[in-house]
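> Residue numbers (our numbering): 318 to 979.
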């Protein structure tokens, strides 16, 4: 854990991991020198093939037209790509591999160093072969013949390409021997030309077109005969016209039936309504009637008038409560009630006749019933007619797919016959042109012999080994910085562990009794962190601990004790709590291995954790802090012991001079 704040901290990284940096640089340079001398050499052989315009790639075949010129647009596939695919195809690669095994096997090269590398390569190949046989015995890899393995190797080393818009195929082959590389390229091109001529060669189209013309003519006659038989079966000249006519007739019959059904429904509804109205009409009606006043009512009214006159006469003599008036009032009321019960008029005579409206309604119902019977008969006849037409149409539909198929076959056969007849003469011309065709592949540059190796570039590797070694060394420093868990200084202590840093004590080296000013300043800083105001009242017990023994707990306790004594305090080193006015320092080192340290620390008012720089790691400190927290204690501060400033003084002086000059 190192805090990077300036160039000086980066220099510290270099001196901290200087050994790793040196090893990385040395190993990189050694590997580069070994590679420059031991890596197998690679030689390259080149060749170029020109794809010339010819009959095959400047005209379309006769199936597409009468040999029109082909102008390839920019979006069309480049024909040179097809040539490259043929050139790198597996058939040619396998033939080259067989030729190499039979006549171009590796021979020991001349020269001492080359012979050593050849023998090393041979032994490595034998070891790989034994390992492959072992894997094959365990059924982990597939068994392959030497030709197959060599073909894959040749295919990886062979490359064919061309520039956009160019008709020249550039061939490059890499091998460990320039002579063999040249022979392989020559053999490869020879096999390619032979294989291409064999694959692109084809038979004449004239017999094909002649045979197909005759077959198509016989097929047309057969199809026409079969179509004639089926059309006679449906009594028509065209299946489409027959279906359209029957469909139209069925639609008309359905429409007529629909109208008759609607009319029938309307008549039935009208008949039901007329029947209800007829039931509500009387059978007879009154034609003449005589009416007069009711004589009984008239007589009662005359008697009422007389009684009323009599009551008026009696009122002149008697009071209203007199019995005569009471009796006459009762008579008047009874008479009025009797008058109210009589009708005012009475019928003297009437004449009756049959109801004419009912007679007309009955006649209409009879006419409607007759029409309903006619419509039912019509609908029944239409249903039978529609069923007959539907059956005939289904029969025609059963023949329709076959007739349609025959029609399509006839149309296709006629088109084919026209095409074959037109192409017959062209095929004869094509046959003659094929017989005199010349290959359109020309070798513009034969396989070259290049004795200069392309790999490895020994001089370049040796020259680059030094800067590459430095880069690898600096990368190693960076990786070590990322992976290093050791604590080197206290810059990130509080951020990492949430515990304050009390002091960072320098490594005194061989002069432990002669502390430096920086050491004394950090010691006084630790002294200033102590709560000395409580000493006189309660005393102060300071527990100094560490994760493991040997991290400098006794050293810190000793110097802290000297400082406290020098400042006039009563100090003792022990394991019991301090009394008033006394400071006790507890040495509890090796917390992870000594259980007694926990007992001692429970007496402490303040716990200080000592961490040895460049030795104690972050996980160890985290583990110790968790253990102390689990023991219901708290670490009040961390002291970094034996902190070293790794940069030599001469380097710092040189950096200072450079800064002053700039």
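Note that the Cβ used here is the ideal one computed from N, Cα and C, for glycine as well.
Please work out which residues of its chain come closer than 7 Å, Cβ to Cβ, to residue 706, disregarding the five sequence neighbours upstream and downstream, and give them in chain order.
These residues qualify, in order along the chain: 563, 566, 567, 570.
> For residue 598, I'd like the list of residues in its chain whose CB is within less than 8 Å of its CB, leaving aside the five on either flank, ordered along the chain.
Cβ neighbours of residue 598 beyond the five flanking positions: 672, 674, 675, 678.
> Assuming residue 366 is part of the beta strand (DSSP E), what are its boundary residues?
Its beta strand (DSSP E) spans residues 360-368.
> Check whether the stretch 895-908 touches the stretch 847-860, taking contact to mean three or more Cβ pairs, one atom from each stretch, closer than 8 Å.
They touch, by the three-pair rule.
> At the level of alpha carbons, what is the spacing between residue 693 and residue 592?
So the two alpha carbons sit approximately 20 Å from each other.
> Enumerate in chain order the residues of its own chain whose CB-to-CB distance from residue 655 is below 7 Å, with the five nearest sequence positions on each side excluded.
These residues qualify, in order along the chain: 617.
> Using 8 Å as the threshold, is the stretch 796-816 in touch with the stretch 956-963, meaning 3 or more CB pairs across them?
These segments touch.
> Could you work out which residue in 644, 355, 895, 637 is closest to residue 624 when comparing CA atoms only?
Checked all of 644, 355, 895, 637; the closest Cα to residue 624 is 644.
> For residue 970, which residues from the same chain have a beta carbon less than 6 Å from its beta carbon, with the 5 sequence-adjacent residues on both sides left out?
Same-chain partners within the cutoff: there are none.
> Alpha carbon to alpha carbon, how far is residue 789 from residue 822? Give it in angstroms, no decimals.
Between residue 822 and residue 789, the C-alpha separation is close to 34 Å.
> Would you call the stretch 412-421 and the stretch 503-515 touching, i.e. three or more CB-CB distances under 8 Å?
As far as the Cβ criterion goes, the stretch 412-421 touches the stretch 503-515, which means the pair count is three or higher.
> Once DSSP output is grouped into helix, strand and coil, what is the label at residue 901?
DSSP places residue 901 in strand when its eight states are reduced to three.
> What residue range does the beta strand (DSSP E) around residue 477 cover?
First-last of the beta strand (DSSP E) with residue 477: 475-478.
> Measuring straight from C-alpha to C-alpha, what distance separates residue 945 and residue 938?
Distance between the alpha carbons of residue 945 and residue 938: 11 Å.
> In its own chain, which residues sit with a C-beta less than 8 Å from the C-beta of residue 581, not counting the 5 before and 5 after it?
Cβ within range, chain order: 689, 692, 693, 696.
> What's the gap between the Cα of residue 508 and the Cα of residue 468?
Looking at the two C-alpha atoms, the distance is approximately 14 Å.
> Within 10 angstroms of its Cβ, does residue 457 collect 16 or more other Cβ (buried), or is it exposed?
Per the 10 Å Cβ criterion, exposed.
> Helix, strand or coil for residue 530 per DSSP?
Residue 530: helix per DSSP, three-state reduction.
> My output table needs one value for residue 992: the three-state DSSP class, helix, strand or coil.
Coverage of the chain is limited to positions 318 through 979, which leaves residue 992 absent and any answer about it impossible.
> Based on the DSSP secondary-structure assignment, which residues constitute the bridge partners of residue 923?
Answer by DSSP bridge pairing, in chain order: 859.
> Please report the straight-line C-alpha distance between residue 964 and residue 332, rounded to a whole angstrom.
Each residue's alpha carbon lies about 6 Å from the other.
> Do the CB positions of residue 455 and residue 761 come within less than 8 Å of each other?
No, the pair does not count as a contact, with Cβ atoms beyond the cut-off.
> Could you check the C-alpha separation between residue 837 and residue 831 for me, to the nearest Å?
In a straight line, the C-alpha of residue 837 is about 10 Å away from that of residue 831.
> Could you check if residue 463 is buried or exposed, using at least 16 other CB atoms within 10 Å of its CB as the buried criterion?
Result: exposed.
> Which term fits residue 400, buried or exposed, when burial requires 16 or more other beta carbons within 10 angstroms of its beta carbon?
Buried, because 16 or more other Cβ atoms sit within 10 Å of the Cβ of residue 400.
> Flag residue 348 as yes when its Cβ comes closer than 7 Å to any non-hydrogen atom of the ligand GTP, and as no otherwise.
The ligand GTP is not part of this structure, which contains no ligands at all.
> Helix or strand or just coil, what does DSSP make of residue 758?
If DSSP states are grouped into helix, strand and coil, residue 758 belongs with the strands.
> With distance defined between alpha-carbon atoms, name the residue in 798, 813, 869, 796 nearest to residue 826.
When each option's Cα is compared against that of residue 826, the closest is 869.
> Where does the unbroken alpha helix (DSSP H) through residue 838 begin, and where does it stop?
Start and end: 834-846.
> With a cut-off of 8 Å on the beta carbons, I'd call residue 759 and residue 540 a contact; round off their distance for me.
In fact, because the Cβ distance is near 51 Å, the residues do not count as touching under 8 Å.
> With a 10 Å radius around its C-beta and 16 neighbouring C-beta atoms as the bar for buried, classify residue 933 as buried or exposed.
Flag for residue 933 reads buried.
> Let me check understanding here. Comparing Cα to Cα, which of 445, 530, 972, 357 lies closest to residue 739?
Answer by Cα proximity: 530.
> To which residues of the same chain is residue 839 closer than 6 Å at the C-beta, ignoring the five residues directly before and after it?
Once the five neighbours on either side are set aside, the close Cβ partners of residue 839 are 820, 821, 822.
> DSSP three-state call for residue 482: helix, strand or coil?
Residue 482: coil per DSSP, three-state reduction.
> Looking at the unbroken alpha helix (DSSP H) that takes in residue 414, where does it start and where does it end?
Note, residue 414: alpha helix (DSSP H), 407-420.
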